[in-house]
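Engineer: Handing you a structure now.
Numbering (the numbering used here), first residue to last: 363 to 765.
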């Protein structure tokens, strides 16, 4: 098949996967939920049609292998789970392009086995923990994760059993990375950079680091009509002040992004002064020292606002993901493949997290970004251009033949 035909086929398959959802009318597919079973049926059939041997590991990752000359393997893949009310291409397109690449390569054996992985979880929606699939593949999954409970009270261990797998076998999902040459993920950009540059593709140099914090401002609830303005201990007013600071500070540091994405005001009455607000901070930058300093500055300002207003600040959770650097050799190989097919040698960093962040801990990695029209993702109107997808398949196949 020609690359344009493979791209058309991949987009049609994305449409089919979008019908596998937990919630009618929107796309929502979480870790080992019932719709993932139908997803696996479809992906398995497409992998087999591309000449791949297919297996599902103990954490529900589906793996298709195109046999090569061996003994080592090169890996690609992305995630098959989604955020609630998702678009059709975040994650899934990377799996479908891996299958398309296998179909394009066919019997023209590579000097290694080629594995395409559909990771069972990257978004972390069901168990409030991302990267479950790639953690297992990387040998970094911990037994304690199995006791986590979803919103319905189902433990992760039971979810795995309900999917027909054995949670006690989680270690068997890990690759022996002495037998792996590397990992490259193809993904939509989920941002506006490539479109602004009028480019279809970009070679990713790394992933920004992230600080993810959930915390409280706690003041005192009171009657909105009878409590005078002076002396109020309004938790939401404190958050509003912090939000203004976060925006101004984020604008003052090049390439820093800082977001208060979630806020729950309590008790939540229209005529009640907010006594508590529970909220999140998401801070990202591609330079680790800058990220660390920004996190310290913003938390210090939150503490200062609370102290000045006479309320309390409490941190519930504080998680971090370090800046990830892709492998320079593989990044250059990806850029060379782009140039070979007439695409500008363009590098960019990813502002989002990807399974590459986990695989980078255990093997050399690279990423290829595909233009996102409008820069829109995590949204039902997320889209791609078929010509860009065809270009990505062509470049990716050349990349594989060069590594």
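Note that beta-carbon positions come from the ideal geometry of N, C-alpha and C, so glycine has one too.
Starting from the Cα of residue 682, find the closest Cα among 558, 382, 580 and 653 and give me that residue.
Structural biologist: Nearest of 558, 382, 580 and 653 to residue 682, Cα basis: 653.
Engineer: Could you name each continuous beta strand (DSSP E) segment of 3 residues or more that falls completely within the segment 479-567, going from the start of the chain to the end?
Structural biologist: Those beta strand (DSSP E) runs which fall completely within the segment 479-567 and span 3+ residues are 542-550.
Engineer: Report the partner residues of residue 477 according to the DSSP bridge assignment.
Structural biologist: 427 and 437.
Engineer: May I have the straight-line CA-CA distance separating residue 677 from residue 567, to the nearest angstrom?
Structural biologist: Each residue's Cα considered, the two are about 33 Å apart.
Engineer: Note down, in chain order, each residue of its chain lying with its Cβ closer than 7 Å to the Cβ of residue 383, except the 5 sequence neighbours on either side.
Structural biologist: Only 389, 390, 391 and 397 meet the Cβ criterion.
Engineer: Please go through the same chain and pick out, in chain order, the residues whose beta-carbon is closer than 8 Å to the beta-carbon of residue 517, but skip the five residues on each side of it.
Structural biologist: Here the set comprises 508, 509, 510 and 511.
Engineer: Which residues in the same chain as residue 657 place their Cβ atom closer than 6 Å to its Cβ, once the five residues preceding and following it in sequence are excluded?
Structural biologist: 573 and 645.
Engineer: Give me the residue from 735, 423 and 747 with the minimum Cα distance to residue 495.
Structural biologist: Of the listed residues, the one whose Cα sits closest to residue 495 is 423.
Engineer: Rank 697, 597, 563 and 760 by C-alpha distance to the C-alpha of residue 734 and give the top, closest one.
Structural biologist: That would be 563, whose Cα lies nearest to the Cα of residue 734.
Engineer: Could you tell me the distance, in whole angstroms, from the CA atom of residue 461 to the CA atom of residue 420?
Structural biologist: Between residue 461 and residue 420, the C-alpha separation is close to 21 Å.
Engineer: Residue 625 to residue 648, Cα distance in whole Å?
Structural biologist: Their backbone Cα atoms lie some 26 Å apart in a straight line.
Engineer: Report all residues from its chain with a CB closer than 7 Å to the CB of residue 700; omit the five preceding and five following residues, and keep chain order.
Structural biologist: If we look at residue 700 and ignore the five residues flanking it on each side, its Cβ neighbours are 563, 565, 707 and 757.
Engineer: Since residue 570 is in the alpha helix (DSSP H), which residue starts that stretch and which ends it?
Structural biologist: That residue, residue 570, is in no alpha helix (DSSP H); it is neither H nor E in DSSP.
Engineer: What does the Cβ neighbour count give for residue 638, buried or exposed, with the cut at 16 atoms within 10 Å?
Structural biologist: It is buried - the Cβ of residue 638 has at least 16 other Cβ atoms within 10 Å.
Engineer: What's the C-alpha gap between residue 731 and residue 688?
Structural biologist: Roughly 13 Å separates the two Cα atoms.
Engineer: So what does residue 416 bridge to, in DSSP terms?
Structural biologist: Per DSSP, 426.
Engineer: Among 569, 433, 754 and 725, which one has its Cα closest to the Cα of residue 472?
Structural biologist: Looking at the Cα atoms, 433 is the closest of the given residues.
Engineer: Using C-beta distances below 6 Å, list every residue in its chain close to residue 405, excluding the 5 sequence neighbours before and after it, in chain order.
Structural biologist: Answer for residue 405: 424 and 480, listed in chain order.
Engineer: Contact between the segment 462-471 and the segment 554-561: three or more CB pairs below 8 Å?
Structural biologist: Taking 8 Å as the limit for Cβ pairs, the verdict is that the segment 554-561 does not touch the segment 462-471.
Engineer: Going along the chain, which unbroken runs of the alpha helix (DSSP H) with 4 or more residues stay wholly within the segment 596-640?
Structural biologist: Listed in chain order, the complete alpha helix (DSSP H) runs (minimum 4 residues) inside the segment 596-640 are 597-614.
Engineer: Is there contact between the segment 440-450 and the segment 738-746, where contact requires at least three CB pairs shorter than 8 Å?
Structural biologist: Touching, yes.
Engineer: Specify, as a first and last residue, the run of the beta strand (DSSP E) that residue 384 falls within.
Structural biologist: Per DSSP, residue 384 belongs to no beta strand (DSSP E) and is neither H nor E.
Engineer: With distance defined between alpha-carbon atoms, name the residue in 662, 575, 614 and 615 nearest to residue 640.
Structural biologist: When each option's Cα is compared against that of residue 640, the closest is 575.
Engineer: Hey, quick one: how far does the alpha helix (DSSP H) through residue 394 stretch, first residue to last?
Structural biologist: Note, residue 394: premise wrong, no alpha helix (DSSP H); not H, not E.
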